[in-house]
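As they're listed, the protein sequences go chains A and B. In this text, residue positions in the first sequence follow the working numbering: the first is 1, and each later residue adds one. In this text, residue positions in the second sequence follow the working numbering: the first is 244, and each later residue adds one.
2 protein chains.
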Amino acid sequence: MRFTSEQRFDDGVLEREFTLGEIPGILWTPGSAPAPLILIGHPPLGLRRMYPRLAGRARYYAAQYGFAAATIELPGSGDRPRWAAAEQARADLRRAVEAGGPVGGDIVDALVLPLVEKAVPEWRTALDALQSLPEIGGPVGYEGGVISIGIRLAVVEPRIVAAGLFAGSLVPAAMVEEARRVTIPLHVLLQWDDEGNDRQAALNLFDAFGSKEKTLHANMGGHTGVPQFELEPGARFFERHLR
Amino acid sequence: MRFTSEQRFDDGVLEREFTLGEIPGILWTPGSAPAPLILIGHPPLGLRRMYPRLAGRARYYAAQYGFAAATIELPGSGDRPRWAAAEQARADLRRAVEAGGPVGGDIVDALVLPLVEKAVPEWRTALDALQSLPEIGGPVGYEGGVISIGIRLAVVEPRIVAAGLFAGSLVPAAMVEEARRVTIPLHVLLQWDDEGNDRQAALNLFDAFGSKEKTLHANMGGHTGVPQFELEPGARFFERHLR
Chain A
1 MRFTSEQRFD DGVLEREFTL GEIPGILWTP GSAPAPLILI GHPPLGLRRM YPRLAGRARY
61 YAAQYGFAAA TIELPGSGDR PRWAAAEQAR ADLRRAVEAG GPVGGDIVDA LVLPLVEKAV
121 PEWRTALDAL QSLPEIGGPV GYEGGVISIG IRLAVVEPRI VAAGLFAGSL VPAAMVEEAR
181 RVTIPLHVLL QWDDEGNDRQ AALNLFDAFG SKEKTLHANM GGHTGVPQFE LEPGARFFER
241 HLR
Chain B
244 MRFTSEQRFD DGVLEREFTL GEIPGILWTP GSAPAPLILI GHPPLGLRRM YPRLAGRARY
304 YAAQYGFAAA TIELPGSGDR PRWAAAEQAR ADLRRAVEAG GPVGGDIVDA LVLPLVEKAV
364 PEWRTALDAL QSLPEIGGPV GYEGGVISIG IRLAVVEPRI VAAGLFAGSL VPAAMVEEAR
424 RVTIPLHVLL QWDDEGNDRQ AALNLFDAFG SKEKTLHANM GGHTGVPQFE LEPGARFFER
484 HLR
């Protein structure tokens, strides 16, 4: 893990870019250490494009709640090498959406399952590296998009003790089944009128999770319209489980 | 409005029982005045039985957020006179539930619609009286059970600017239609495994509300199992809209 830049904000939060092998990432840490860590996931649109939304949440968690937060670039996103099957699946998805029809399960599988297979080990390697820093300590949370990555991490990574998930992406049937094996506390966001997401499928997924403590927060509006006031209950959820 | 008893708690909250004509009620006020008011609704089980839950919420709002809170006995509950049709409807409901079948729309209508017709004017009269007190000032919220009473109040009472509703009671089809006319911000609680409440019907009702800002918080467990941590987002919802 090699830090490549750093910036200290007025609120005391230190933002550092890093690389871990070929994977770029960003770490935000509060003034106090060691801090519990929240891994911040995101859709495969590239870290640079996602930066404002990710940094907004990360700096809020760090400045207001004293959590560290980190994110990494997904395989096949940003400046990382593409792979042919993923490009093909993205093209198939685009065509299906433009045709206005439902997106077939085979397209969803081709798009999401390889991403889960590749991304989850990278998140775990990043977690190893992050936990070796003196600034990081205590239990770990995961939050954010590509809910299938969150599902797999919740199942295989015992260091992750709570997850805040965004029920806003296409979910392979196999991942809905895998969700039944999730047992950690969950805080799930759903946009009621999400143009890219079937509401009933999202409710079925929420129902499938095996966790005894799971909360769904549904709000009006489209995919990117999560209200600002949802930041606070998300942070309070992690405060209950990471302290 | 006549106060019949008062008690000051360690947290500075003053609890006073009152009567308004034949209607008993309870008012909780914080140290600071004038305070915005939250009307706390409840199922028709009698104020005495509901007291621990109502007082828990009211004192939290008053002590932690500086809100006043008030509740009144519903018609036909507690020591208030019964009426024959309501007793008949309750008996029909009990029989339908014991038979394990779905509760017919006619039973729901007979149970709920007359209660809404009788209770809503009483809540409004109570609001008149409460707003004449120097301790009360500013906009008003409604929260709690008998969601049909909340729907009607939200439609007819312009002084109520925000409502926290509990999607946990049987709702007449006519009230689902009326919900489309609700436009104030809503904060709706749903118990995912509510034994007395059809989940899909509750989701349909949430969908029906005409409000641009509406949030659903769904949690695991049965009817009375709303987690303690839901108190805070409920209070923060009112803080956003009553200040």
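All C-beta atoms, glycine included, are put in the ideal place defined by N, C-alpha and C.
query	result
Rounded C-alpha distance that separates A:V155 from B:L370	52 angstroms
Runs of beta strand (DSSP E) lying entirely within the region 186-232 of chain A, each at least 3 residues, in chain order	186-191, 214-219
Closest residue to A:A58 among A:H217, A:E232, A:R240, A:H241 (Cα-Cα distance)	A:E232
Chain A contact residues for B:P476, given Cβ-Cβ distances below 7 angstroms	P233
When A:W28, A:Q200, A:N219 are compared against A:Q191, the one with the closest alpha-carbon	A:N219
Beta-carbon proximity check, B:L446 vs B:A372, cutoff 8 angstroms	no
Stretch-stretch touch, CB-based, cutoff 8 angstroms, three pairs: the region 260-278 of chain B with the region 92-105 of chain A	no
Own chain partners of A:P172 with C-beta closer than 6 angstroms, once the 5 adjacent residues on each side are dropped	V108, D109, V112, L113
For A:E122 and A:I23, believed in contact at Cβ under 8 angstroms, the rounded distance	6 angstroms
Status (buried if at least 16 other CB within 10 Å, exposed otherwise) for A:A68	buried
Buried/exposed call for B:E421, threshold 16 Cβ in 10 Å	buried
Inter-residue CB distance, B:R424 and B:G453 (contact presumed, cutoff 8 angstroms)	6 angstroms
A:T125 - DSSP class collapsed to helix/strand/coil	helix
From B:H466, B:A405, B:M418, B:F449, residue whose alpha carbon lies closest to that of B:F480	B:A405
A:A162 at chain B interface by Cβ criterion, 8 angstroms	no
Reduced DSSP category for A:V182 - H, G, I as helix; E, B as strand; rest coil	coil
Short Cβ contact (8 angstroms threshold) for B:L432 with B:A410	yes
Reduced DSSP secondary structure (H/G/I, E/B, other) of B:V404	strand
B:N462: contacting residues in chain A (beta-carbon distance under 9 angstroms)	E213, K214, T215, L216
Three-way DSSP call (helix, strand, coil) for B:A410 in this model	coil
Three-way DSSP call (helix, strand, coil) for B:G289 in this model	coil
B:Q307 to A:G100 span [Cα, whole Å]	50 angstroms
Interfacial residues, the region 180-192 of chain A to chain B, with Cβ spacing under 9 angstroms	V188, L190, W192
DSSP state of B:S248 mapped onto helix, strand, coil	strand
Test item: CB-CB of A:L303 and A:G138 under 8 angstroms	Nothing can be reported for residue 303 of chain A: it is not among the residues displayed for chain A, which extend from 1 to 243.
Rounded distance between the beta-carbons of A:G41 and A:G145, thought under 8 angstroms	6 angstroms
Where A:T71 falls, given that 16 or more other Cβ within 10 Å makes a residue buried	buried
C-alpha distance - B:A329 paired with B:H466, whole-angstrom precision	22 angstroms
Cβ of A:R243 within 8 angstroms of any chain B Cβ	no
B:Y304 versus B:P428, B:T272, B:R325, B:V469, residue with shortest Cα-Cα distance	B:T272
Residues of its chain near B:T247, where Cβ-Cβ distance is below 7 angstroms and the 5 sequence neighbours each way are ignored	E260, F261, T262
Cross-chain neighbours of B:R338 in chain A, by beta carbon under 9 angstroms	Those within 9 angstroms of B:R338 in chain A number zero; the least Cβ separation is about 30 angstroms.
Assigned exposure category for A:K214 - 16 Cβ within 10 Å defines buried	buried
Bridge-paired residues (DSSP) for B:A311	B:L280
Local conformation of A:V140 per DSSP, three classes	strand
Anticipated Cβ contact below 8 angstroms, B:G309 with B:L290, distance rounded	In fact, because the Cβ distance is near 24 angstroms, the residues do not count as touching under 8 angstroms.
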